[in-house]
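**Q** I'd like to ask some things about the structure below.
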Amino acid sequence: MTGPVGSTVHSASAGKAWPVKIVVTGGAGFIGANLCAELATRPGVERLTVLDDLSTGDEGNLSGVDVELIRSSILDAGVVHRVVGAADAVVHLAARPSVPRSVADPMASHHVNATGTMHVLEACREHGAYLVAASSSSVYGDAPALPKHEELPTRPRSPYAASKLATEAYVLAYGATYRMPVLAFRFFNVYGELQPAGHAYAAVVPTFIDAALRGLPLPVYGDGRQTRDFTYVGSVVEVLADAVLRRVECDRPVNLAFGSRTSIVDLAGELSVVFGRTLDIAWQSERAGDVRDSQAADGLLRELFPDVSPVPLAVGLVRTVAWFHGRPGSAVTVVSPTGPDVVPLGEMASELLPALAGVELRAFRATADYDDEPWQIENFVRPLPGKTELSLVAMVAGAPVGFLVASRRPEGVHVHRLAVDPGHRREGIAAGLLTRLVAETDGTVTVVCHPDNTPALDLYLRAGFRTVGATEAGKVLLAMPQRRAEPAGV
Ligand SMILES: NC(=O)c1ccc[n+]([C@@H]2O[C@H](COP(=O)([O-])OP(=O)(O)OC[C@H]3O[C@@H](n4cnc5c(N)ncnc54)[C@H](O)[C@@H]3O)[C@@H](O)[C@H]2O)c1
């Protein structure tokens, strides 16, 4: 395969076929532990080994994941050779991350990020292992061009950025010199579950969420207009897992982000939407080493990984906030509602609609303000033993096109089925059903949604639901506070 500007890229090399034994350096860290959880579910992975000194990572991040953890530094060449010698592929994530940390101690960042990478490369060279490594968008520095494409000159503005440039330069140089199968990714601002808050070097998303949960203002450095390409960790690990299992190679660095551009104040705004209240800002002076704007050109990534579909920021933030809610010590009550999941939009549960035949429907005023299709919502209440079930059905020209089933629970009205005929404008009808339900009830309406059900999460957010917690099964709990109903009519 030939890349867009003449570089050579390959996928699905003739290297070792499945099953593969994989080493993840830094695998107890934020991205590494998410990756291990993903790889553990993939067919073809025979063994997973993590090499991590737990300097910023945490053994607890790997609980429940079938991995062997070797607690050691990548600066110990003997251990690196022994561990890599038993593997077919290495995902090299171990590093001293963070710009401010490197400003405080540049030599330590150099040792781990540059010298440590050399140890990993030497071991891969000796044992013939495939290598995927993490570089960083910080290598672009403050070059003004946007989006950042891989052919731009690099201009590191911090010791961290310089050390990550050394990481990728060595990886690609080994690939060229020794004809080794390698791939160097430039990560942008990755966020998501397991990313820690509460320390001086924490990244912006967990810092904001943590502050919001404590009722504190969000700390914003400078004017807050600096922009970032926030990438949900689930999207990053999907690409990493695909890369290692297909042994994707490239002779130049590849951006691992999808070309979005969000300012820090807009991020605060997105989180205000997720939390359902305006989050205050505590303005701080500008930080040394921070770049102004960052946005990836994603052409090469899309060429190498055409099937990947990134999780939108709003949905990724909901999942992340839900994870924060569900952590031990969280101030938010974790509930464990019963009942089936929300039916994914587009799956019309046709079994329910015939059940409406003969039920006396009470019509409400049509609320067709979401789209131009004339539709109305009707209601039937079907008392079931032990609970009151509320059901709403949306009708177009007398025919049912969607429905919602909910029941009253001590913690509020709980939606457990929502389906809309894919032949109609689904978002508008589904949002209309939810709005109508809220207007009909006298308590908080809650819904439980699988975190991977992106269309449904997106829909709930647009309908005004806010993340309030997580269930014990790891699902997202969203709520919409009760609003006063308009007089029902017709
Ligand atoms: N998170 C981001 O937004 C982002 C952006 C750009 C690049 N990256 C890169 O992605 C990689 C993973 O970052 P992360 O966000 O998961 O950070 P992290 O701090 O959670 O993970 C790094 C892991 O490496 C381990 N480690 C550090 N020094 C080590 C050593 N000498 N030997 C063995 N293990 C060591 C740490 O204990 C930790 O588990 C890093 O290479 C980082 O530079 C991350």
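Going by our numbering, the first residue of the sequence shown is number 1195, and it counts up by one from there.
We put the beta carbon where it would ideally sit given N, CA and C, even for glycine.
Secondary structure at F1379, three-state DSSP: helix, strand or coil?
**A** Here F1379 sits in strand by DSSP.
**Q** Candidates P1390, L1340, S1331: which alpha carbon is nearest E1362's?
**A** Of the candidates P1390, L1340, S1331, the one whose C-alpha sits nearest the C-alpha of E1362 is S1331.
**Q** Does the beta-carbon of G1223 have 16 or more other beta-carbons within 10 angstroms, so that it is buried, or is it exposed?
**A** That one is buried.
**Q** Can you find a heavy atom of ligand 2 that lies under 7 Å from the Cβ of P1291?
**A** Within the structure as shown, ligand 2 is missing, the only ligands being ligand 1.
**Q** Is there at least one non-hydrogen atom of ligand 1 closer than 7 Å to the beta-carbon of T1250?
**A** Under cutoff, so the answer is yes.
**Q** Which runs of the beta strand (DSSP E) fall wholly inside the region 1218-1275 and span at least 3 residues, in chain order?
**A** Within the region 1218-1275, the complete beta strand (DSSP E) runs of at least 3 residues are 1239-1246, 1262-1265.
**Q** Relative to the alpha-carbon of L1245, which residue among V1214, T1235, A1281 has its alpha-carbon at the smallest distance?
**A** The residue with the shortest Cα to Cα distance from L1245 is A1281.
**Q** Given a cut-off of 8 Å on the beta-carbon distance, is the pair F1424 and T1456 in contact?
**A** It is a contact, given that the beta carbons lie within the stated cut-off.
**Q** With hydrogens ignored, establish whether the beta-carbon of N1383 is closer than 7 Å to any heavy atom of ligand 1.
**A** Because some heavy atom of ligand 1 lies under 7 Å away, the Cβ of N1383 counts as near it: yes.
**Q** Going by DSSP, name the residue or residues bridged to G1663.
**A** According to DSSP, which records beta bridges pairwise, G1663 is partnered with L1671.
**Q** Quick one: Cα of L1359 to Cα of L1450, how far?
**A** Each residue's Cα considered, the two are about 15 Å apart.
**Q** From P1753 to V1293, what does the alpha carbon distance come to, in whole angstroms?
**A** Residue numbering for the chain in the displayed model covers 1195 to 1684; residue 1753 lies beyond these limits and cannot be assessed.
**Q** Return the chain-ordered list of same chain residues with a C-beta closer than 8 Å to the C-beta of I1216, the five sequence neighbours on each side being excluded.
**A** Once the five neighbours on either side are set aside, the close Cβ partners of I1216 are L1233, V1239, R1241, L1242, T1243, A1281, D1282, A1283, V1284, V1285, V1438.
**Q** Indicate the three-state DSSP secondary structure (helix, strand or coil) for S1466 in the structure shown.
**A** S1466: helix per DSSP, three-state reduction.
**Q** Looking at ligand 1, does it come within less than 7 Å of V1306, judged from the CB to the closest heavy atom?
**A** Yes; taking the cut-off as 7 Å, the Cβ of V1306 has a heavy atom of ligand 1 nearer than that.
**Q** Using 10 angstroms around the beta-carbon of L1507, count the other beta-carbons present and answer buried if the total reaches 16, otherwise exposed.
**A** That one is buried.
**Q** Can you check which of these residues, W1477, L1229, C1318, Y1334, is closest to P1736 by C-alpha distance?
**A** As shown, the chain starts at 1195 and ends at 1684. That puts residue 1736 outside it, with no answer to give.
**Q** Beta carbon of A1231, beta carbon of L1287: below 8 Å?
**A** Taking 8 Å as the Cβ cut-off, A1231 and L1287 do not qualify as a contacting pair.
**Q** When the Cα atoms are used, what is the spatial distance from A1289 to D1492?
**A** Taking the straight line joining both Cα atoms gives about 24 Å.
**Q** Note the first and the last residue of the continuous beta strand (DSSP E) segment covering V1326.
**A** Segment 1324-1330, the beta strand (DSSP E) holding V1326.
**Q** Just the C-alpha distance for Y1372 and L1269, rounded to the nearest angstrom, thanks.
**A** Near 22 Å, if we compare the C-alpha coordinates of L1269 and Y1372.
**Q** Under the assumption that L1651 contacts V1509 (Cβ atoms under 8 Å), give the Cβ distance between them as a whole number of angstroms.
**A** Correct: roughly 5 Å between the Cβ atoms.
**Q** Evaluate S1454 with the Cβ neighbour count: other Cβ atoms within 10 Å of its Cβ, from every protein chain shown; 16 or more gives buried, anything less gives exposed.
**A** Buried, since its Cβ has 16 or more Cβ neighbours within 10 Å.
**Q** Is any non-hydrogen atom of ligand 1 found closer than 7 Å to the C-beta of L1461, if you look at the structure I gave you?
**A** It does not: the Cβ of L1461 is nowhere closer than 7 Å to a heavy atom of ligand 1.
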